[in-house]
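In what follows, a structure is listed as structure tokens, so that the remarks can point back to it.
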Amino acid sequence: MGICHQGRTLKELVEAKEKSFQQTGYAYGLERLGLVEEDPAKFMRFQMRLVASCINARESAKLISANPMSMIQGELLFMLANAEGDVISASYGLAGHIQCMPFIIRKIAELGFEEDPGIREGDIFSCNDPMYGPPHNADCYTFLPVFHKGELVSWTVGLNHIVDVGGIQPGGLGVISPNVFTDGFTYPPTKTGADFKQHKWWELHWKRRTRTEMFNILDDKMRVAGVVSLHDRIQDIIDEFGIEYYRQALREIIERERRVLVERIRGQAVPGKYRYLQLSAVNYKGTLGRLWPASNRNWVIHKTGELHIRADGTLLTDLEGLTSEADFHANAYEPAVRMLTSLGMWPMFAYTETINSSLLYMTDWNIPPGSMFNPQNPFAGTVMGLGVIAGYIYLFHNCLSLAYFSRGFLEETFPADGTTIGYGAAGTLEDGFQWAGGDMSLITCQSEGATPFHDGFDAAVCSPNPASDIGETEAVEFLLPTQVNIGKKLIPDFCGHGKFRGGLGIGMLQLVNKPGKSLILNAFAATDGMGACALGRSGGYPGTNDIVVFAHGTNIREILEKGGTYPRDFVEMNQWIREGRLRAETVESFKGPTPSIPCRDGDLFATAAGSRGGWGDVLERDYDLIEKDIRYGWITRKTAETVYGAKIDEDGRVQREASDRLRQEMRQRRKERSVDAKEWWVRERQRVLEQDWHEDIRNLYADCMKYGKFREQFTGMWQLPEDIRIEEAT
Amino acid sequence: MHSSDNGFSKEHFRLLIDGKLPWEEVKKAIRLSPKDADRFKKYLEILQEKVPWEDPILLRISDHLYIVAKPGKGRIVKCDCGQEFGDYRINWKLGCRVYVRRTDEEIAEVITIPEARHNMDLVEMREFYCPGCYALLGVEVVPPGYPPIFEMLPDLDTFYREWLGNPLPDEDPAWFQDRTLERPAEWIKEA
């Protein structure tokens, strides 16, 4: 006798759900939506009650947290799932996690949790292990069963991104971790509480296995408070509408909105195949040394993808050719892929009355076994796999933007590139107090890529979190006592250029203030010197790179004490150093993630991200837009001339006739220095035959050639023997 | 100006295509629900008026490029300047003029902040120009030796028959096949 409807077990329920969809093509086999048809107003009222309950749980629970990412920056989510695990409704916040819950419930069903440890009213379950559904261990899930007269009818779920996971690097997004044993505190599905309370022993894990016990314990209490409060509200709703209505309506919500998503694709897109590529890098060489010899190398990560918009309006995303799993932090599992990439789908087409698991019913994936997002090694490191998956958010932004552009729905285009930055910190203050933390401010204010009809907005979106907010600088400084913000601003010229340009990236400059006995900072970022995307859009240039610069041993305190101006971002800081106005003993520059860097009082720490791509040919940019850029200081005169072919006079106006001539000269230069594609192909083929590449590129090709699809394209394009081998560099 | 009864007027649409529609009006277009069902028809009409040639446009695939029905030549890619790139099933980049930026100095022309430039030991920036008008049609930043990326192969017959209810006269399953590799196969023979 199971705990679910009509005495079925949870495992039987999950299997029945999947079988009915496979057999009928309708979620839960629902060809007819009886409740929707009979009384749509009642149905809408019911659905809105669910949404309001989730939002209420979030807004009241988050006040318990002390973690600025939960309190201010929206890095949390509360959800209602049905017994099978499909998320029916969610609060605003980290919306991608809606995708994970069905995987978690399927896992605990398969593990036999119903028998042992049992699933009873008031039990609290916790999980952050990517093997079992959550995307990575910084996102901690707490979930509670909802029973009605002994029948499991729902789950209430809360999660948030914690400050520190106890990994090899401080913070929640470490970029060094060769395997799961260096990922930090990772727990599979665990019954951590009963009678609506966590067990006392559970707190000890946060105290002993992470650096930020206080934040993490309060976050746990926040999640419990949220799921219990949501549980009670759901009981009220069941009482009001009746259990039969409740059970059926949850299913009809999924099927109704599956149909909405399919029709939106058919109504706005064009069927076909769309290609995407983003490259990034993992640079371990010289950092890990002999301790992890298999990791003492660099990788160029090949994030290739092909989006199939199918005749029936559903989507297939094929990742064949993706880099293979390896001894690095960047591996991940299918739920993580579905979780993060959904952040490109919600805004592009998957928005409904309330986002939910309907998306799972119209999206399929091919993720080859052995690739980094389908690792066969159960101990693959995954702490920052999510960061690498992020590049695939933009597959949906860019491929669907092209599809909408072709169909004529220009206003629905929303291109974007992979760019983001944040950091972890850990130290010991002068009085011996040990602390750790992290800051994700620059993740929360990315710029928009250019569209076919306007420049991208500056610092306007947060791709990983639709409800995010840059937060309050003072609150972050209070919790990160060594980091004093002396600059946070948009950076001129920091964008991909085009007929319409990407929004400007944003930068921060922080003064390291009285760190005491020790301080290390480690930044994570999206680009690694490979740019934000491998493809420009319609002749526009793609976004550039995220930037991290450490200036050690500076005289910034003297400059500040004198008053007057001081540098505010990496461009100004480096300029001041070049001009001798700012002294620095050493400078360390990165175009992406960093190892753990020791810092001292008076060091400067500059970060910048958010440079996104342009749309269209730069030489077609409207002179009026260039004048506006000059007037606001968004584009420098040098860039206006060298990139856009616009001569600017002393008053900041475009000299139109001179600019017309300059643009003509630039077109002529294009003609003179370009060659026919065939001539380029002949030269390039010769280089391929000689395998005249950097060792990291050789290794990339050696790996990609294991996958048939890439191999066929590569050998076909360069007309190579079918049995050609590319050996890894030694 | 006002939106038409069917949601989005042709006048507003023209301005949107030209990048001149005020943002407040764009927001109204974004909020349209349902969207105007005749959008694609209006799009083709406006685009056909803008190009200086008569070949019927089947699909716009970039600012300058169109798939057109070319009498006697099937479905080909054509630039608004009139330059023809051949069969749309072959990546149009193989019909372009190509310029490759391989050094820091070369990429500095288009990324003026030195720190933001790419690691040119690992990637190169390819620019694809129209051989007719030298408009910049595409940009790739990829490792040397990377096959040019075929950004879009539309399934035109499914689109016209099943989604628009207006099948094309020359339907054939073969129209939805990537034939890009036929071009280098020809080149190697010529070489």
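As they're listed, the protein sequences go chains A and B. Start counting the first sequence at 381; every next residue gets the next number (the working numbering). Start counting the second sequence at 933; every next residue gets the next number (the working numbering). The C-beta atom is built at its ideal place from N, Cα and C for all residues, glycine as well. Small disclaimer: the values here were computed from a predicted structure and weren't measured.
Check                                                                                                                                                                             : Outcome
Does methionine 1097/A have its Cβ less than 9 Å from a Cβ in chain B?                                                                                                            : yes
Aspartate 1087/B CB to nearest chain A CB: under 9 Å?                                                                                                                             : yes
Taking only the alpha-carbon atoms, compute the straight-line gap between asparagine 865/A and glycine 887/A and give it to the nearest angstrom.                                 : 11 Å
Nearest CA to the CA of lysine 1008/A: which residue from Leu390/A, Phe880/A and Lys529/A?                                                                                        : Phe880/A
From the DSSP output, read off the bridge partner residues of histidine 932/A.                                                                                                    : Thr966/A
Pick helix, strand or coil for proline 1075/B, following the three-state DSSP scheme.                                                                                             : coil
Classify proline 715/A as buried or exposed, calling it buried when 16 or more other Cβ atoms lie within 10 Å of its own Cβ.                                                      : buried
Below 8 Å, how does it come out for the stretch 518-527 of chain A and the stretch 497-504 of chain A: are there three or more Cβ pairs, yes or no?                               : yes
In this structure, how does DSSP classify isoleucine 1120/B when only helix, strand and coil are distinguished?                                                                   : helix
Does any CB atom of chain B fall closer than 9 Å to the CB of cysteine 507/A?                                                                                                     : no
For a contact defined as C-beta to C-beta under 7 Å, what are the partners of glutamate 943/B on chain A?                                                                         : The contacting residues do not exist; glutamate 943/B stays about 15 Å from chain A at best.
Among the residues of its own chain, which have a CB less than 7 Å from the CB of histidine 777/A, if the five just before and after it don't count?                              : Gly724, Met728, Phe794, Pro795 and Ala796
Note down the Cα distance separating asparagine 559/A from glutamine 980/B, rounded to an integer number of angstroms.                                                            : 57 Å
Bridge partners of histidine 541/A, per DSSP?                                                                                                                                     : Asp519/A
Run through chain A and tell me which residues come within less than 8 Å of alanine 1123/B, C-beta to C-beta.                                                                     : Val1062
Would phenylalanine 1094/A count as contacting chain B if we go by Cβ distances under 9 Å?                                                                                        : yes
Under 8 Å: do the stretch 988-1005 of chain B and the stretch 923-934 of chain A share three or more Cβ pairs, one atom per stretch?                                              : no
Does the beta carbon of glycine 1014/B come closer than 9 Å to any beta carbon on chain A?                                                                                        : no
Which residues in chain A have a C-beta closer than 7 Å to the C-beta of glycine 1070/B? List them in chain order.                                                                : Gly916 and Gly919
Just to make sure I have the definition right: I need the residues of chain A whose C-beta is within less than 9 Å of the C-beta of lysine 1025/B. Which are they?                : Ala1057
Determine whether the Cβ of alanine 1109/A lies closer than 9 Å to any Cβ atom of chain B.                                                                                        : no
My output table needs one value for methionine 1052/B: the three-state DSSP class, helix, strand or coil.                                                                         : coil
What is the DSSP secondary structure of valine 1009/B, counted as helix, strand or coil?                                                                                          : strand
Is there a Cβ from chain B that is less than 9 Å from the Cβ of aspartate 1103/A?                                                                                                 : no
So with Cβ pairs under 9 Å, would you call cysteine 1028/B a contact of chain A?                                                                                                  : yes
Quick one: any contact between the stretch 551-565 of chain A and the stretch 901-916 of chain A, if contact means 3 or more CB pairs under 8 Å?                                  : yes
Evaluate tyrosine 1012/A with the Cβ neighbour count: other Cβ atoms within 10 Å of its Cβ, from every protein chain shown; 16 or more gives buried, anything less gives exposed. : exposed
From the DSSP secondary-structure annotation, give me the bridge partner or partners of tryptophan 995/A.                                                                         : Phe880/A and Arg917/A
Under three-state DSSP, which class holds proline 715/A?                                                                                                                          : helix
Which two residues bound the contiguous beta strand (DSSP E) that contains phenylalanine 985/A?                                                                                   : 984-989
Using 8 Å for Cβ pairs, my map puts serine 991/A next to cysteine 913/A. What's the rounded Cβ distance?                                                                          : Rounded, the Cβ-Cβ distance is 11 Å, inconsistent with contact.
By how many angstroms is the C-alpha of aspartate 1029/A removed from the C-alpha of serine 843/A?                                                                                : 38 Å
Along the alpha helix (DSSP H) that carries valine 394/A, what are the first and last residues, could you check?                                                                  : 390-404
Hey, phenylalanine 1017/B and valine 1030/B: beta-carbon distance below 9 Å or not?                                                                                               : no
Report the rounded CA-to-CA distance for glycine 1064/B versus aspartate 1012/B, giving the unit in angstroms.                                                                    : 10 Å
Using 8 Å as the Cβ pair cut-off and three pairs as the minimum, do the stretch 783-793 of chain A and the stretch 827-843 of chain A touch?                                      : yes
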